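*Asks:* So that we are looking at the same thing, I have put the structure below in structure tokens.
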Amino acid sequence: MAGETPGRLRSEAAFAMLCGVEPLPASSGRIQRHRLNQGGDQGANSAIYRIVLCRLRWDERTKQQHRTTQCLSKKESSAGSSGTSPARSTRS
111 MAGETPGRLR SEAAFAMLCG VEPLPASSGR IQRHRLNQGG DQGANSAIYR IVLCRLRWDE
171 RTKQQHRTTQ CLSKKESSAG SSGTSPARST RS
């Protein structure tokens, strides 16, 4: 657990490694890919996952950041997810 020996968490990278959310290189040839570390404290990983889900649902700053990382404006994001969007209703 993180609180038992706080000295071992020297950096954000050490915390990410402990929780199992550190990206690991999984590249082959010229393609650069990453995957998440499957090791680490699964209880901490589960807690982080729940925090992210709650923040995506309730926190406006997190919702805006999520839209920004998807390169969508607020208007584009809401239009694409709407079942009554003109773009979706004209396609068969």
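In my numbering, the protein residues as written are 111 to 202. The beta carbon of each residue, even a glycine, is placed where N, CA and C say it ideally should be. Please read these numbers as outputs of a predicted model, since none were measured by experiment.
(1) In its own chain, which residues sit with a C-beta less than 6 Å from the C-beta of A123, not counting the 5 before and 5 after it?
(2) Grouping DSSP H, G and I as helix and E and B as strand, with all else coil, what is L119?
(3) From the DSSP output, in three-state form, read off S191 for me.
(4) Straight-line CA distance for S137 to H144?
(5) The alpha helix (DSSP H) spanning R204 covers which residue range?
(6) What distance in whole Å lies between the Cβ atoms of E132 and N155, which are believed to be in contact at a cut-off of 8 Å?
(7) Any idea what DSSP makes of R140, helix, strand or coil?
*Replies:* So, from the listed chains and residues:
(1) If you number the sequence shown from 1, residue 123 lands on position 13. Around A123: no qualifying Cβ.
(2) Position 9 of the sequence shown, counting from 1, holds the residue named residue 119. Residue state, collapsed to three classes: coil.
(3) Walking along the sequence shown from the start, residue 191 turns up at place 81. Reliability fails at S191, whose pLDDT of 49 lies under 50, so the model's placement of it is uncertain and the value that follows must be treated cautiously. Judged by DSSP in its simplified three-state form, S191 adopts helix.
(4) Looking up residue 137 in the sequence shown gives position 27. Looking up residue 144 in the sequence shown gives position 34. Approximately 7 Å between the Cα atoms of the pair.
(5) Outside the shown range of the chain (111 to 202) lies residue 204, about which nothing can therefore be said.
(6) As a working mapping, residue 155 is identified with position 45 in the sequence shown. As a working mapping, residue 132 is identified with position 22 in the sequence shown. At roughly 11 Å, the Cβ-Cβ gap does not stay under 8 Å, so N155 and E132 are not in contact.
(7) Locating residue 140 in the sequence shown gives position 30, where the first residue counts as 1. Three-state DSSP puts R140 in coil, outside helix and strand.
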